[in-house]
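Asks: There's a structure below that I have some questions on.
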Amino acid sequence: MEKNGPNTIKDTNQGKQNNNTLVIILIVALVAAMAAIIFLLVVYVFGGRSSSGSDGEIVLPPPGTTVGATLVPPTPEAGDPTATVIARAGVNVRTGPGLEYPIVGIAPFGSTLEVVGVSADGTWWVVNVPGAPNNYGWVSNEFVQVENAGNVLVIPLPPTPTPEAAPTATATPAPDIQFTASRTTINAGEKSTLQWSVENVSAVYLYPVGDRFENYPVTGQGSQDVQPYITTSYELLTFNPDNTTSASRIEITVIDGLTSGRWILESYSSGGLNSPLPGTEITARFGADGSLSGSAGCNSYSGSFTAYDQTLRINPLSSSQVLCQSPEGIMEQEGEFLSLMQRASKMSISTGQLSIFDNAGNRILEFRSG
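Each residue of the sequence shown is one higher than the one before, starting from 865 at the first, in this note's numbering.
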């Protein structure tokens, strides 16, 4: 049997030494990794902190806000009071100790600034910034690490900046409206001239009250003859640039017009011109209150109407229900008359004569004053 010699013992010891060296290397690597992690945590916590209401990490401002450029501060001399930026995103350098002061520029992370003073409460440092107002700026104590600054001067606070006044809005010129009539009282068949001049408006309409204004656009200056057959108000309506409206009215009083008294039918047209049957009288009375009444030749009738300017519209009419037999054809004549009345669209009055027209402009009824 062989015996272990000296070489065998030497190999065993060499193996133990190698194992010990590997353990030491692993321990050193683990310690180095932990140190790196701790360093990163310290940088994150102390280098990137921010506080609501102070000048912390640079955050994109609202649109339109002016932000200073990145500063390249001069290198301080050895032993000078210094402030080293520890905020990861840099720190704003302002013209005074507060967020209300404008930004001079941004000192990047790790840059070192020469300290020339401090605020009375010790929360802001004054640093050397060539080219800034008085050649210095202010940085918040929270975001810099200061050294050798125990004896710097206390700097008085600069005046608080006055906020820029908002641009004064240009006042919208007030509408200038002039509206007149040559006559405000006329006889039926006569005319009155309306004149107007408007400025500082978006649109103008001149219309008889009762109709739709959209149908009557006009220019800013002009004149127009009107010939109403019933007392009518005319309105000058303007739309203004500030989205308001203005209105001016003129009333034209008509004498011997539609509502002046009783009207007696002389003729009617239903496929041809016809006169009332002998011995019959057909009448109409238009009231100032919009009422309408009269005789259809046999039965009486009543209802209401709408009129303005030269427009006449008659609403559905009701009549008594008497059956008349004489003269022959009287009931047919009555039916035609009532039907034609409700086709009324326009009218004209001249020398005691009232003419009523349908939508097509056909004369369908002719009355005389009675």
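Glycine included, each C-beta is placed from N, C-alpha and C at the ideal position.
Counting C-beta neighbours from all protein chains within 10 Å, is the total for residue 1024 16 or more, i.e. buried, or is it exposed?
Replies: The sequence position of residue 1024 within the sequence shown is 160, counting from 1. Under this definition residue 1024 is an exposed residue.
Asks: On the DSSP bridge assignment, give the partners of residue 978 in chain order.
Replies: Your numbering for residue 978 matches position 114 in the sequence shown. According to DSSP, residue 978 bridges with 946.
Asks: Could you tell me how far apart the beta carbons of residue 1123 and residue 1150 are, in whole angstroms, since I believe they sit closer than 8 Å?
Replies: By 1-based counting over the sequence shown, the position of residue 1123 is 259. By 1-based counting over the sequence shown, the position of residue 1150 is 286. Their Cβ separation, rounded to whole angstroms, is 5 Å, which keeps residue 1123 and residue 1150 in contact under 8 Å.
Asks: With contact counted as at least three CB pairs below 8 Å, one residue from each stretch, are the segment 990-1003 and the segment 1038-1045 in contact?
Replies: Contact between the segment 990-1003 and the segment 1038-1045 is absent, because fewer than three Cβ pairs lie under 8 Å.
Asks: Determine the DSSP secondary structure at residue 956, reduced to helix, strand or coil.
Replies: Taking the first residue of the sequence shown as position 1, residue 956 is located at position 92. The answer is strand: DSSP assigns residue 956 an E or B state.
Asks: Roughly how many whole angstroms lie between the Cα atoms of residue 1080 and residue 1101?
Replies: For this step, residue 1080 is matched to residue 216 along the sequence shown. For this step, residue 1101 is matched to residue 237 along the sequence shown. Computed Cα separation, rounded: 10 Å.
Asks: Considering just the uninterrupted stretch of the beta strand (DSSP E) at residue 1218, what are its terminal residues?
Replies: Here residue 1218 is taken as the residue at index 354 of the sequence shown, counted from 1. Run containing residue 1218: 1217-1221, per the beta strand (DSSP E) assignment.
Asks: Quick check on residue 1200: does DSSP put it in helix, strand or coil?
Replies: Position 336 of the sequence shown, counted from the first residue, corresponds to residue 1200. Residue 1200: helix per DSSP, three-state reduction.
Asks: I think residue 1166 touches residue 1159, with their Cβ atoms under 8 Å apart; what is that distance to the nearest whole Å?
Replies: Numbered from 1 along the sequence shown, position 302 holds the residue referred to as residue 1166. Numbered from 1 along the sequence shown, position 295 holds the residue referred to as residue 1159. Actually they are not in contact, since the Cβ atoms of residue 1166 and residue 1159 sit about 11 Å apart, beyond 8 Å.
Asks: Report the three-state DSSP secondary structure of residue 1021 (helix, strand or coil).
Replies: One-based indexing of the sequence shown puts residue 1021 at position 157. Reduced to three states, the DSSP call for residue 1021 is coil.
Asks: Can residue 1065 and residue 1103 be called in contact, C-beta distance under 8 Å?
Replies: Within the sequence shown, numbered from 1, the residue matching residue 1065 stands at position 201. Within the sequence shown, numbered from 1, the residue matching residue 1103 stands at position 239. Their beta carbons are under 8 Å apart, which means residue 1065 touches residue 1103 by this criterion.
Asks: I need the straight-line Cα distance from residue 1178 to residue 1129, nearest angstrom please.
Replies: Stepping through the sequence shown from its first residue, residue 1178 is reached at position 314. Stepping through the sequence shown from its first residue, residue 1129 is reached at position 265. One C-alpha to the other measures close to 16 Å.
Asks: Specify whether the segment 1218-1227 and the segment 1181-1191 touch according to this definition: at least 3 beta carbon pairs, one from each stretch, less than 8 Å apart.
Replies: No, the segment 1218-1227 does not touch the segment 1181-1191.
Asks: Taking only the alpha-carbon atoms, compute the straight-line gap between residue 944 and residue 982 and give it to the nearest angstrom.
Replies: For the purposes of this step, residue 944 is taken as residue 80 along the sequence shown, with counting starting at 1. For the purposes of this step, residue 982 is taken as residue 118 along the sequence shown, with counting starting at 1. Between residue 944 and residue 982, the C-alpha separation is close to 14 Å.
Asks: Would you mind giving the Cβ-Cβ distance between residue 948 and residue 979, rounded to the nearest angstrom? I have them listed as a contact below 8 Å.
Replies: Here residue 948 corresponds to residue number 84 of the sequence shown, with the count starting at 1. Here residue 979 corresponds to residue number 115 of the sequence shown, with the count starting at 1. Between residue 979 and residue 948 the Cβ distance is about 10 Å, and since that is not below 8 Å, they are no contact.
Asks: Kindly give me the distance between the Cβ atoms of residue 1058 and residue 1087, rounded to whole angstroms, as I take these residues to be in contact under 8 Å.
Replies: Numbered from its first residue, the sequence shown carries residue 1058 at position 194. Numbered from its first residue, the sequence shown carries residue 1087 at position 223. Right, the Cβ-Cβ distance comes to about 7 Å (below 8 Å), so this counts as a contact.
Asks: Thinking C-alpha only, which one of 1215, 1170, 1214, 952 is nearest residue 1075?
Replies: Sequence index remark: in the sequence shown, residue 1075 carries index 211 (1-based). Nearest option by C-alpha distance: 1170.
Asks: In the DSSP assignment, the beta strand (DSSP E) including residue 822 goes from what residue to what residue?
Replies: The requested residue 822 is not part of the displayed model; the chain covers only 865 to 1234.
Asks: Less than 8 Å between the CB atoms is what I'm expecting for residue 970 and residue 954, so what's the real figure, rounded?
Replies: Numbered from its first residue, the sequence shown carries residue 970 at position 106. Numbered from its first residue, the sequence shown carries residue 954 at position 90. That pair is a contact at about 5 Å.
Asks: According to DSSP, is residue 992 part of a helix, a strand, or is it coil?
Replies: Within the sequence shown, residue 992 is the residue found at index 128, counting from 1. DSSP places residue 992 in strand when its eight states are reduced to three.
Asks: How close, in whole Å, do the beta carbons of residue 1018 and residue 984 come, if the pair is a contact with beta carbons under 8 Å?
Replies: In the sequence shown, the residue the question calls residue 1018 occupies position 154. In the sequence shown, the residue the question calls residue 984 occupies position 120. Between residue 984 and residue 1018 the Cβ distance is about 5 Å, and since that is below 8 Å, they are a contact.
Asks: Along the chain, where does the beta strand (DSSP E) that runs through residue 1144 open and close?
Replies: Against the sequence shown, residue 1144 aligns to sequence position 280. No beta strand (DSSP E) contains residue 1144, which DSSP labels as neither H nor E.
Asks: In terms of alpha-carbon separation, which member of 1006, 1229, 1005 lies closest to residue 1132?
Replies: What you label residue 1132 is simply residue 268 of the sequence shown in a count that begins at 1. Nearest option by C-alpha distance: 1229.
Asks: Select from 1148, 963, 1108, 1068 the residue whose C-alpha is nearest the C-alpha of residue 1077.
Replies: Along the sequence shown, read from residue 1 onward, the residue named residue 1077 stands at position 213. Residue 1077 has its Cα closest to that of 1068, out of 1148, 963, 1108, 1068.
Asks: Take the Cβ of residue 1144 as the centre, count every other Cβ of all protein chains shown within 10 Å, and call the residue buried at 16 or more, exposed below.
Replies: For the purposes of this step, residue 1144 is taken as the residue at position 280 of the sequence shown. So residue 1144 counts as buried.
Asks: Check this for me: beta carbons of residue 1052 and residue 1213, under 8 Å apart or not?
Replies: As a working note, residue 1052 is residue 188 in the sequence shown. As a working note, residue 1213 is residue 349 in the sequence shown. Yes, these two residues count as a Cβ contact at 8 Å.
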